[in-house]
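Protein chains in written order, with this note's numbering: chain A, 1 to 365; chain G, 1 to 559. Think of the CB as a built atom: it goes at the ideal place given N, C-alpha and C, for glycine as much as any other residue. Notes to accompany the following structure.
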């Protein structure tokens with residue numbers, strides 16, 4: 001029903017036969033959804049996946065049974081396992097690759113892309129070891145300098161069901177925001193612009209850690225007061241680390257900040273939420289991840305945030321608690337006790353009133 | 001170099017572009033009113049010399065006319081204002097009185113002679129080298145003793161890929177972007193450029209330098225154009241940027257100090273002025289749009305590193321005075337006092353100290369690295385066509401926000417080159433080690449208290465300093481092996497005892513009191529502020545785990 005109300009009347013008629021001018025790289029649950037949204041808007045779109053079988057399935061049956069079973073994908077999607085074919089003639093590409101595989105795809109992309117093209121990533125994570133953001137990796141490995149990030153409260157499954165949602169498109173380049181928005185916006189999807197690339201990337205990454213904690217809290221039946229406390233204090237920690245890394249504090253009160261955090265903490269569909277719940281039930285991390293069958297970015301993000309906050313000397317009891325539960329097998333109940341007995345800080349952190357340094361570089365000293 | 005005729009063409013082109021950009025109607029009236037306001041503000045602070053009186057007359061005349069004239073007449077008024085600004089920038093005419101009425105009763109600035117090939121040749125090629133010509137020319141006998149007449153060319157060490165400069169110059173227009181430490185920089189560079197066989201560069205220099213009694217005439221004759229930092233009128237700034245852009249489009253290679261002024265703290269630049277920097281991408285784009293031959297503009301980051309800095313005392317005092325209260329333009333510093341020059345040059349020459357000039361990785365106007373052939377590369381060294389960054393659907397298009405982002409990247413790359421091509425002298429290392437020892441001893445003090453706490457009798461045991469120096473040198477030499485920083489010969493290879501002697505000798509040379517001095521087995525700190533100044537050349541590298549003490553402060557970096 002909802003689908004019928006919200007679905008955009010296909011603009012595909014006159015263009016569906018032509019060569020796609022846009023590609024989505026990565027056919028996981030979110031990548032497939034992004035391609036589907038673009039397809040529904042009437043634009044032919046390349047969807048690149050490593051797996052040839054997955055590509056044949058999508059092209060033959062318009063299904064992605066591994067990640068989005070049961071969903072009929074837009075016929076405007078053309079799947080390919082040939083990266084060169086996917087990006088050769090497009091003017092914009094979305095990169096929707098898990099954070100730890102992001103650099104290797106960028107390496108492959110390097111020789112194939114041109115300065116005219118636009119790269120937008122929708123990956124919520126940082127690189128292990130280097131702590132680099134995805135846009136930094138993109139800039140290191142390719143000539144795609146006109147770049148941006150897509151992030152927001154987007155549960156793929158809900159969007160595929162045609163339910164309304166909003167997302168954030170952040171870039172320093174107005175044309176990047178404009179082009180990506182043209183492709184994505186519909187009666188179902190609102191796209192909000194932001195120029196704080198660093199903030200939007202970090203908000204999307206760090207909220208996954210809090211989501212793990214929220215999953216634990218739900219499983220442990222701590223109640224709604226506790227959940228609310230978790231979200232607000234979690235946001236405060238995210239913002240503190242974000243600002244220290246060059247983000248604009250206001251970003252964290254927007255759709256990509258509190259918006260994304262709320263949905264991940266509330267929805268049982270959220271992957272990181274499910275990992276947290278499994279850990280609270282006493283399952284091991286490996287079991288929890290295996291049951292999920294997908295990447296839960298919060299697991300790696302917890303480790304990276306732990307290292308970063310230690311390096312920067314920032315107080316982050318919540319994120320540290322999650323790190324210890326996930327990576328050091330601390331009992332979630334002990335972690336909770338530690339959190340409740342720790343010293344309280346001011347409600348509003350004064351450091352967040354300092355606007356981000358608008359100086360050179362991309363937010364990292 | 002541009003002759004008077006070319007300069008007149010540039011002025012005309014700049015004027016017509018700005019007038020076209022301002023447009024008509026509301027915007028036109030507002031622009032003129034804004035100019036009146038800013039110029040009134042500026043002129044109100046000045047005295048009653050002929051120049052100021054003439055300018056006041058010009059603007060009161062404009063004020064009287066403005067409400068009465070038609071829109072077409074307003075365009076003409078704007079044209080006069082912009083033309084006046086452009087002429088001043090081109091011809092440094094601000095030094096002369098208004099030369100009487102022109103056109104509709106508005107006085108016009110006197111046209112200065114512009115670049116003089118004879119003066120340039122004299123200064124750089126013929127007879128004694130640049131500085132001696134300059135100095136003896138200004139004050140024949142009394143300025144320098146005969147034996148001290150500097151053979152400065154022997155004290156310049158030019159390094160980096162200098163051959164790339166000549167090759168790139170054949171393939172496009174150059175923008176030389178040096179660090180800015182001292183007012184000596186432009187002279188030293190002018191000399192180096194000539195030595196490398198490159199044609200002279202045009203450059204923007206602060207108006208106050210043209211008024212400097214020692215080098216003013218010389219600067220004007222070298223083809224500099226003036227930048228008057230007291231003018232806050234946005235129209236003036238637009239005119240200035242357009243002047244730089246058009247001169248690049250005319251194929252005139254430029255020299256900018258992208259920091260906008262000398263480093264007050266002694267540290268390597270942390271932030272650059274994007275306005276002038278952005279002219280290189282604007283010129284590149286305009287060249288492409290007009291299908292000009294050799295459209296490319298190459299930006300060459302370059303560092304100039306002095307073992308001792310002529311104006312060190314004034315600069316660090318200014319930095320330490322609260323940044324907000326910093327004197328905007330320093331007029332009376334060591335640079336305008338001939339005794340200081342003499343002492344400085346004598347010191348430099350008697351000790352065989354070298355000034356290092358290093359040319360870093362050449363960049364295209366959007367910040368991509370370029371090779372010797374002028375081909376731009378992506379971050380992994382694959383050739384790319386930078387014009388693509390300016391195209392939408394195969395067409396070149398104008399997008400100021402996009403270009404500003406490219407300019408920020410250009411800034412970032414230049415700053416990285418500055419950091420890497422920074423040549424460290426023994427004075428910097430000794431100052432750093434001593435300062436670190438003092439700072440570690442008093443971790444509770446903030447910078448100002450720390451500097452205040454270093455009294456005349458503050459001293460450090462030589463063995464303690466030597467231990468620290470050994471560690472500092474080891475780390476620096478390791479970095480130098482990985483091209484993270486550059487070292488002077490002494491810093492690179494002298495053994496410890498020899499190093500300490502050299503550093504102390506240098507510090508004992510020029511400054512009123514030796515910055516660090518040996519008495520027996522102790523080293524005494526003679527000037528805490530200068531110790532801090534010289535130490536700052538190594539600030540921000542995290543050397544020996546030291547914190548960054550010089551934070552970027554907007555406005556702390558002028559003139």
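When the cut-off is 9 Å and only beta carbons count, does residue i lie next to chain G?
i, result
"residue 252/A", "no"
"residue 139/A", "yes"
"residue 172/A", "yes"
"residue 145/A", "yes"
"residue 175/A", "yes"
"residue 18/A", "no"
"residue 91/A", "yes"
"residue 114/A", "yes"
"residue 311/A", "no"
Cutting at 6 Å between CB atoms, please list the residues of its own chain near residue i, excluding the five before and the five after it.
i, result
"residue 389/G", "366"
"residue 59/A", "79"
"residue 518/G", "504"
What would DSSP say about residue i, mapped onto helix, strand or coil?
i, result
"residue 512/G", "coil"
"residue 208/A", "helix"
"residue 385/G", "coil"
"residue 300/A", "helix"
"residue 182/A", "helix"
"residue 294/A", "coil"
"residue 391/G", "strand"
"residue 427/G", "helix"
"residue 407/G", "helix"
"residue 158/G", "strand"
"residue 356/G", "strand"
"residue 133/A", "strand"
"residue 46/G", "coil"
"residue 225/G", "strand"
"residue 111/A", "helix"
"residue 256/G", "coil"
"residue 365/G", "coil"
"residue 222/A", "coil"
Short of 8 Å in beta carbon distance, which residues of its chain neighbour residue i, apart from the five on each side in sequence? Order them along the chain.
i, result
"residue 424/G", "305, 476, 485, 486, 487, 488, 491, 537, 538"
"residue 420/G", "360, 483, 484, 485, 486"
"residue 454/G", "438, 525, 528, 531"
"residue 147/G", "Caution applies to residue 147/G, whose pLDDT of 42 falls short of 50 and renders its modelled position unreliable; the model cannot decide the point."
Counting only beta-carbon separations shorter than 9 Å, does residue i have a partner in chain A?
i, result
"residue 268/G", "no"
"residue 63/G", "no"
"residue 93/G", "For residue 93/G, the pLDDT reaches just 45, beneath the cut-off of 50, and the residue's location in the model is therefore unreliable, leaving the point undetermined."
"residue 379/G", "yes"
"residue 360/G", "no"
"residue 276/G", "no"
"residue 406/G", "yes"
"residue 387/G", "yes"
"residue 384/G", "yes"
"residue 401/G", "yes"
"residue 288/G", "no"
"residue 438/G", "no"
"residue 392/G", "yes"
Name the one or two DSSP bridge partners that residue i has.
i, result
"residue 169/A", "150/A, 193/A"
"residue 231/A", "Answer is none; residue 231/A lacks a bridge partner."
"residue 121/A", "95/A, 149/A"
"residue 77/A", "45/A"
"residue 302/G", "178/G, 359/G"
"residue 377/G", "383/G"
"residue 415/G", "Beta-bridge pairing links residue 415/G to no other residue."
Between which residues of its own chain and residue i is the CB-CB distance below 7 Å, once the five residues before and five after are set aside?
i, result
"residue 411/G", "272, 274, 277"
"residue 126/G", "Its pLDDT being 32, under 50, residue 126/G is placed unreliably in this model, and the coordinates cannot settle the point."
Closer than 8 Å: is that where the CB of residue i sits relative to any heavy atom of the ligand FMN?
i, result
"residue 205/A", "The ligand FMN is not among the ligands present in this structure, which contains no ligands whatsoever."
Next item on the list: Any chance you could list the alpha helix (DSSP H) runs of at least 4 consecutive residues sitting entirely within the segment 491-540 of chain G, in chain order?
Entry: Contiguous alpha helix (DSSP H) elements confined to the segment 491-540 of chain G occur at 496-507, 528-535, taking only those with 4 or more residues.
Next item on the list: Please go through the segment 231-288 of chain A and give each complete alpha helix (DSSP H) segment of 4 or more residues, from N-terminal end onward.
Entry: Runs found: 260-266, 271-280.
Check: If you scan the segment 4-75 of chain A from start to end, which runs of the alpha helix (DSSP H) of 4 or more residues do you find wholly inside it?
Finding: Scanning the segment 4-75 of chain A for uninterrupted alpha helix (DSSP H) segments of 4 residues or longer gives 29-40, 52-61, listed from N- to C-terminal end.
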